[in-house]
C-alpha cells in the first residue's frame, strides 16, 4: 500500500559462529589547520593514531594478504518465504540484507526476500535464487557487486542496467547457461497443475559467477561501514541493552523477524515467524550485528520498460540505507546493544521470479 511504513532489517553475517566483530565508527584524525602549542605547564594531548592496517571491506576483519581481497563481491537474491526454505550458503555471507519480497498477500502486504553479500568467503552453493528488486541498486552500488539472479521484469532490468558502472546485473541464470555459474537442484523442482516450476531449484555458484566478468576485480572500492578498532570506539557503547530485537513486517505483529542474543556465542540468533531460521545443512542463522532501518515504502514503477509496479523505497531513504555508518555491535564487556537508524524517507522468465 502507498505510504505504509515498514522496517527493513540489515542482517550482518560477519564471521563464523562464535567469533565477534565490532562494526562501528573508526577513529578519525582531523586535518591540521596550523601550528598550535600547549599552554605553559600543561602537557600536550597525544595525537590520535589512525589505524591503517588493511581490512576486509565488508567485515572490518584484519586482512593478512591484500591480494586475497582482489576479486568482485557477489550478491545473490534468495527467497525467504516459508515454502522456499531451507536455504543454502547464507552462513558464509559478510552481510545479509533483508528486504520486502514484492509479492502482496491477500491483505496487501509482502513477506521478505534476502540478499546475502559475499566477499571474504565465497561459498560453492547459494540458493534458491530469485529475481532482482529496485532497492538492490542503492544497497549494492557502494560495493561494486555482481548480482546472482533469475532476471526481473522489464523496467526493473532497465533501471538496474542504468547503473552498470556500479553493478553487474546481466549475469542471470538464463544469460549464463553453460558456464557453470548456476545449476538446478532436482530435489527442489516442483510441479503444480501440470506446470513444472524451478523457482525453488536454481542454485548460484558465486566463485564461478564472478569469473564471468572482468569488472570489479579489485574488490569493493570502500568499506561498507566504518569499523571500530578498539572496544572504546564501539558506537553502541551508549546504546540501550537489547537481548531481543523484533522487526515487524506486517500489521499487528503478525509476521515478525526476531534476533535473540545468545550469551554463549555472543551473537544474535535469527528466527522466522514460524520458528528458528535453519539452513539446509542444519546451521542456525546467527549474526554479530543487527542494523534496523525504518523506511517508508510503496508500490511504484520508477523507470521505463515493461512490467507492473514493484515495491520501492523512497529515494531519500535508499541513500541513507546504503551509506549509513552505524551498526549494532556486541562487546563482551558491555553485553549486547542495538541502535536503530530511522529515515523519512530461471528456466523460464516467469517460473523463477
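In our numbering, the protein residues as written are 178 to 530. Don't be surprised by glycine CBs; every beta carbon is placed ideally from N, CA and C. What you are looking at is a predicted structure, and each value in this text was computed from that prediction instead of being measured.
* **Close Cβ partners of residue 300 (< 6 Å) along its chain, the five nearest in sequence each way excluded** => 266 and 269
* Asked: Could you give the distance in angstroms between the alpha-carbon of residue 352 and the alpha-carbon of residue 441?
  -> 45 Å
* With respect to the beta strand (DSSP E) encompassing residue 446, which residues constitute its N-terminal and C-terminal limits? -> 444 to 449
* residue 283 in three-state terms, based on DSSP -> coil
* Asked: Where are the beta strand (DSSP E) runs, 3 residues long or more, that stay fully inside the stretch 346 to 375, in chain order?
  -> 359 to 361, 367 to 369 and 372 to 374
* Can you name the start and end residues of the alpha helix (DSSP H) that residue 384 belongs to? -> Residue range 383 to 387 is occupied by the alpha helix (DSSP H) that includes residue 384.
* Asked: When burial is assigned at 16 or more other CB atoms within 10 Å of the CB, is residue 355 buried or exposed?
  -> exposed
* Top-ranked residue by Cα proximity to residue 241, from 249, 281, 251 and 230 -> The shortest C-alpha separation from residue 241 is found at 230.
* Whole-angstrom distance between residue 251 and residue 426, CA atom to CA atom -> 26 Å
* Asked: At what residue ranges does the stretch 283 to 324 contain a whole run of the beta strand (DSSP E), taking only runs of 3 or more?
  -> 287 to 295
* As assigned by DSSP and simplified to three states, the class of residue 422 -> strand
* To do: Give me the Cβ distance between residue 379 and residue 305, rounded to the nearest whole Å; I'm assuming they're in contact under 8 Å.
  => 6 Å
* Asked: residue 291 and residue 401: beta carbons closer than 8 Å?
  -> no
* Asked: Can the beta-carbon of residue 392 be found closer than 8 Å to that of residue 345?
  -> yes
* Asked: Would a C-beta distance cut-off of 8 Å place residue 422 and residue 436 closer than the cut-off?
  -> yes
* **Contact set for residue 287: own chain, Cβ-Cβ below 7 Å, skip 5 residues either direction** => 277, 278, 279, 280, 281 and 488
* To do: Please classify residue 477: does DSSP put it in a helix, a strand, or coil?
  => strand
* Rounded Cβ spacing between residue 358 and residue 320 (contact assumed at less than 8 Å) -> Not a contact, Cβ separation roughly 19 Å.
* Out of 309, 469, 283 and 239, point me to the one whose CA is closest to residue 327's CA. => 309
* To do: Consult DSSP for residue 333 and reduce its assignment to one of helix, strand or coil.
  => Residue 333 falls in the helix class under three-state DSSP.
* Taking the beta strand (DSSP E) that residue 437 falls in, what are its first and last residues? -> 433 to 439
* To do: Measure how close the beta-carbons of residue 481 and residue 335 come, nearest whole angstrom, since I'm counting them as under 8 Å.
  => 6 Å
* **Spatial distance of residue 527 from residue 347 (CA atoms)** => Since pLDDT at residue 527 reaches only 31, below the 50 mark, its modelled position is unreliable, and the value read off the structure follows with that caveat. One C-alpha to the other measures close to 17 Å.
* Residue from 243, 443, 238 and 476 with nearest C-alpha to residue 395 -> 243
* When we look at the beta-carbon of residue 293 and count the other beta-carbons within 10 Å, is it buried (16 or more) or exposed? -> buried
* Can we count residue 467 as close to the ligand FMN, meaning its CB is less than 7 Å from some heavy atom? -> Of the ligands one can find in the structure shown there are none, so the ligand FMN has no counterpart to examine.
* Asked: So, residue 314 versus residue 337, is the Cβ gap smaller than 8 Å?
  -> yes
* Taking 8 Å as the cut-off, decide whether the C-beta atoms of residue 363 and residue 307 are in contact. => no
* Ends of the beta strand (DSSP E) at residue 252? -> 250 to 253
* Is the Cβ-Cβ distance between residue 463 and residue 445 less than 8 Å? -> yes
* **Spatial distance of residue 443 from residue 420 (CA atoms)** => 11 Å
* Asked: Can you tell which of 254, 424, 333 and 429 has its C-alpha closest to the C-alpha of residue 284?
  -> 429
* From 390, 302 and 382, pick the residue whose C-alpha is nearest to that of residue 458; which is it? -> Residue 302 holds the alpha-carbon nearest to the alpha-carbon of residue 458 among 390, 302 and 382.
* Give the secondary structure of residue 497 by DSSP, where H, G and I count as helix, E and B as strand, and everything else as coil. => Low confidence applies to residue 497: its pLDDT is 23, below 50, so where it sits in the model is not reliable enough to give any reading.
* To do: Return the residue from the list 449, 227 and 273 that minimises the CA-CA distance to residue 258.
  => 449
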